[in-house]
Amino acid sequence: MKIKNLEQKGREALLDCLKGVPFLDYPRDVTRIYDKRPDLVLRLVNQVDKTPYLLVAEIKDSGQPRFIKEAVNQLKVYQNEMGGVSYGVILAPYISERSAQICKENAVGYVDLAGNCYLSFSSVFIQRAGNPNPYSQDRELQSIFYPRSERVLRALLNAGPKEWLTEELAKDSGVSLGQVSNVRKYLDNQDWLDKESKRLLLSKPFELLSAWTKNYSFRKNDVLEYYSLLSPPETEALLSRASQELGLRLGLTGFSGGSRYVSTVRYQRVIAYLEDGFESLANSADLKSVTSGANVMLLRPYDSGVFYQSRVIGGDSVVSPIQAYLDLNSYKGRGEEAAQAILDQVIREIW
Numbered sequence: 574m575k576i577k578n579l580e581q582k583g584r585e586a587l588l589d590c591l592k593g594v595p596f597l598d599y600p601r602d603v604t605r606i607y608d609k610r611p612d613l614v615l616r617l618v619n620q621v622d623k624t625p626y627l628l629v630a631e632i633k634d635s636g637q638p639r640f641i642k643e644a645v646n647q648l649k650v651y652q653n654e655m656g657g658v659s660y661g662v663i664l665a666p667y668i669s670e671r672s673a674q675i676c677k678e679n680a681v682g683y684v685d686l687a688g689n690c691y692l693s694f695s696s697v698f699i700q701r702a703g704n705p706n707p708y709s710q711d712r713e714l715q716s717i718f719y720p721r722s723e724r725v726l727r728a729l730l731n732a733g734p735k736e737w738l739t740e741e742l743a744k745d746s747g748v749s750l751g752q753v754s755n756v757r758k759y760l761d762n763q764d765w766l767d768k769e770s771k772r773l774l775l776s777k778p779f780e781l782l783s784a785w786t787k788n789y790s791f792r793k794n795d796v797l798e799y800y801s802l803l804s805p806p807e808t809e810a811l812l813s814r815a816s817q818e819l820g821l822r823l824g825l826t827g828f829s830g831g832s833r834y835v836s837t838v839r840y841q842r843v844i845a846y847l848e849d850g851f852e853s854l855a856n857s858a859d860l861k862s863v864t865s866g867a868n869v870m871l872l873r874p875y876d877s878g879v880f881y882q883s884r885v886i887g888g889d890s891v892v893s894p895i896q897a898y899l900d901l902n903s904y905k906g907r908g909e910e911a912a913q914a915i916l917d918q919v920i921r922e923i924w
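In our numbering, each residue's number is its place in the sequence shown (first place is 1) plus 573.
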């Protein structure tokens, strides 16, 4: 993320965080006299105990985890060379939750241009959090949760700890080599790939799944609502049988799909993906289209990737555990509980 005058704005943001500390004298810039060149060095003095501190700052165009880790390592080099009492700080346009955690784990502070900050040295402790990213997301971040990129994510997450060749992953996902490369770049920047593997291997699958969940809603699909006089199990059996007879692609999801993976799921509404043939299936299954009081929801998928790794369980076609998990999380309360059960009992077993 290229921001004009980032160094100046970063310095101003850092000073803004410090100005509320009454026992610090006004920070002064230190001339860059070191072999290694920090982006910014400020000298502070604690007026209580007269302890001098050097704030050594590294400025990054991006606050993504990979770049934050690089900055942390670079700060350690600077601080080792300087000696004395110093404290490392990273300045960036925006520091995500994951990047903030990396800083704290390495005893490094951070300040971003959104107003979030964390500084902890001597008797100083300043923390501000919760300010949203004021900058529009870059294309890389926007596109990772586009339908074709999500196909790659489904393949990675459903396969467990498998090491993929780029060509193999592209073929399995039904996308181009360039699409896989774009996804790989994003995952690498988020520090979600195994650095030791020469192939593509997820190192933090649950962080990826959590991020995807936050950016996903089953409402991306077209939802058609119906009413059935039958019980959910009877309706699902009828839908499965009718779709097979009509040659239609159907996959139970949400509570209907989740119940095939974990027995604790209880529900009164049938939910299924259907690629096409809605009128034909509704007629065959005696479903009545309604505007309220629906107990059957048929979803026209926003992308055919929702059917990836679907399987037959008990005679019914069911979406993958990953897809069922995503869809269930769109329902607050009981849906999230059912999704958590799938995560704990099924997905974690894969990994």
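Even glycine gets a Cβ: it sits at the ideal position worked out from N, Cα and C.
- Query: Just the Cα atoms here: how many angstroms apart are serine 1001 and asparagine 619?
  - Reply: Outside the displayed span of the chain (574 to 924) sits residue 1001, for which this structure offers no information.
- Query: Hey, out of Lys771, Asp900, Val748 and Ser883, whose CA is closest to valine 892's CA?
  - Reply: Taking the sequence shown and counting its residues from 1, the one referred to as residue 892 is at position 319. Looking at the Cα atoms, Ser883 is the closest of the given residues.
- Query: How should glutamine 942 be labelled, buried or exposed, when 16 other C-beta atoms within 10 angstroms of its C-beta is the threshold for buried?
  - Reply: Since the first and last residues shown for the chain are 574 and 924, residue 942 lies out of range.
- Query: Does the count of Cβ pairs from the stretch 751 to 769 and the stretch 639 to 659 closer than 8 Å reach three?
  - Reply: Because the criterion of three Cβ pairs below 8 Å is met, the stretch 751 to 769 and the stretch 639 to 659 touch.
- Task: Could you spell out the range, first to last residue, of the beta strand (DSSP E) harbouring glutamine 700?
- Result: Indexing the sequence shown from 1 puts residue 700 at position 127. In the DSSP assignment, glutamine 700 falls within the unbroken beta strand (DSSP E) covering 697 to 701.
- Item | With 16 other Cβ atoms within 10 Å as the buried cut-off, status of arginine 610 | As a position in the sequence shown, residue 610 is number 37, starting the count at 1. Exposed is the call here.
- Among Ser790, Val662, Tyr759 and Glu723, nearest to glutamine 637 - alpha-carbon criterion: If you number the sequence shown from 1, residue 637 lands on position 64. Residue Tyr759 is the option with its Cα nearest to glutamine 637.
- Of all Cβ atoms in chain C, is any one closer than 9 Å to the Cβ of proline 705? You won't find chain C in this structure, because it holds only one protein chain.
- Item | Residues bridged to methionine 870 [DSSP beta-bridge criterion] | As a working mapping, residue 870 is identified with position 297 in the sequence shown. In the DSSP output, where bridge partners are listed per residue, methionine 870 has Glu798 and Ile844.
- Message: I'd like to know if the stretch 848 to 867 and the stretch 811 to 825 are in contact, where contact means that at least 3 CB-CB pairs between them fall below 8 Å.
- Response: Contact annotation: the stretch 848 to 867 touches the stretch 811 to 825, with at least three C-beta pairs closer than 8 Å.
- Message: Suppose you measure from the CA of glutamate 807 to the CA of glutamine 918; what does that come to, to the nearest Å?
- Response: Position 234 of the sequence shown, counted from the first residue, corresponds to residue 807. Position 345 of the sequence shown, counted from the first residue, corresponds to residue 918. For glutamate 807 and glutamine 918, the distance between alpha carbons rounds to 26 Å.
- Mind checking valine 753: buried by the 16 CB within 10 Å criterion, or exposed? Along the sequence shown, read from residue 1 onward, the residue named residue 753 stands at position 180. Counting other Cβ atoms within 10 Å of its Cβ, valine 753 reaches 16 or more and is therefore classed as buried.
- Item | Counterpart residues of isoleucine 886 in DSSP-defined beta bridges | The residue you call residue 886 lines up with position 313 of the sequence shown. Bridge partners of isoleucine 886: Asp889.
- Query: According to DSSP, what are the bridge partners of tyrosine 691?
  - Reply: In the sequence shown, counting from the first residue as 1, residue 691 sits at position 118. Its beta-bridge partners are Tyr683 and Gln700.
- With a CB to CB cut of under 8 Å and the five nearest residues on each side skipped, what residues in its chain are close to arginine 757? Taking the sequence shown and counting its residues from 1, the one referred to as residue 757 is at position 184. Within the same chain, Cβ atoms closer than 8 Å to the Cβ of arginine 757 are found at Thr739, Leu766 and Leu773, the five residues on either side in sequence being excluded.
- Task: Please name the residue in Glu580, Leu901, Ile668 and Leu823 whose C-alpha comes closest to that of aspartate 612.
- Result: Locating residue 612 in the sequence shown gives position 39, counting from the first residue. Of the candidates Glu580, Leu901, Ile668 and Leu823, the one whose C-alpha sits nearest the C-alpha of aspartate 612 is Glu580.
- Query: For proline 625, which residues of its own chain have a beta-carbon under 6 Å away from its beta-carbon, when the five flanking residues on both sides are left out?
  - Reply: Start at 1 with the first residue of the sequence shown, and residue 625 comes out as number 52. Val618.
- Message: Does isoleucine 606 pass the burial test, meaning 16 or more other C-beta atoms within 10 Å, or should it be called exposed?
- Response: Translated into positions along the sequence shown, residue 606 becomes position 33. Low local confidence applies: a pLDDT of 46 at isoleucine 606 is under 50, so the model's placement there is unreliable, with the coordinate-based value given in what follows. An exposed status is given to isoleucine 606, since fewer than 16 other beta-carbon atoms sit within 10 Å of its beta-carbon.
- alanine 586 and valine 684: beta carbons closer than 9 Å? Here residue 586 corresponds to residue number 13 of the sequence shown, with the count starting at 1. Here residue 684 corresponds to residue number 111 of the sequence shown, with the count starting at 1. Valine 684 sits close to alanine 586, with the two beta carbons spaced by under 9 Å.
- If you compare alpha carbons, which of Gln913, Gly887 and Gly906 is closest to alanine 897? What you label residue 897 is simply residue 324 of the sequence shown in a count that begins at 1. The option with the nearest alpha carbon to alanine 897 is Gln913.
- Query: Which value, in whole angstroms, describes the spacing of the CA atoms of proline 874 and tyrosine 881?
  - Reply: Here residue 874 corresponds to residue number 301 of the sequence shown, with the count starting at 1. Here residue 881 corresponds to residue number 308 of the sequence shown, with the count starting at 1. So the alpha carbons of these two residues sit roughly 12 Å apart.
- Message: Let me check understanding here. Comparing Cα to Cα, which of Lys623, Leu615, Asn794 and Lys633 lies closest to serine 659?
- Response: As a first step, residue 659 must be located in the sequence shown, where it is residue number 86. In this structure, Leu615 is the residue among Lys623, Leu615, Asn794 and Lys633 with its C-alpha nearest to the C-alpha of serine 659.
- Query: Three or more beta-carbon pairs under 8 Å between the stretch 838 to 854 and the stretch 821 to 830, yes or no?
  - Reply: Remark: three or more beta-carbon pairs, one from each stretch, lie closer than 8 Å, so the stretch 838 to 854 and the stretch 821 to 830 are flagged as touching.
- Message: Could you tell me the alpha carbon to alpha carbon distance between glycine 583 and proline 805, rounded to whole angstroms?
- Response: In the sequence shown, the residue the question calls residue 583 occupies position 10. In the sequence shown, the residue the question calls residue 805 occupies position 232. Looking at the two C-alpha atoms, the distance is approximately 58 Å.
- Message: Just to confirm my understanding: we take glycine 908, look at its own chain, exclude 5 residues before and 5 after, and list those with CB closer than 7 Å. What are they?
- Response: Reading the sequence shown from its first residue, position 335 is the one you call residue 908. The residues are Leu901 and Asn902.
- Message: Going by beta-carbon coordinates alone, are tryptophan 785 and leucine 726 separated by less than 9 Å?
- Response: Numbered from 1 along the sequence shown, position 212 holds the residue referred to as residue 785. Numbered from 1 along the sequence shown, position 153 holds the residue referred to as residue 726. With contacts defined by Cβ atoms closer than 9 Å, tryptophan 785 and leucine 726 form a contacting pair.
- Query: Can leucine 742 be considered in contact with the ligand GDP, in the sense that its beta carbon sits closer than 8 Å to one or more heavy atoms?
  - Reply: The ligand GDP is not part of the structure shown, which contains no ligands of any sort.
- Query: Do alanine 687 and proline 707 have their C-beta atoms closer together than 9 Å?
  - Reply: Stepping through the sequence shown from its first residue, residue 687 is reached at position 114. Stepping through the sequence shown from its first residue, residue 707 is reached at position 134. For alanine 687 and proline 707, yes; Cβs fall inside 9 Å.
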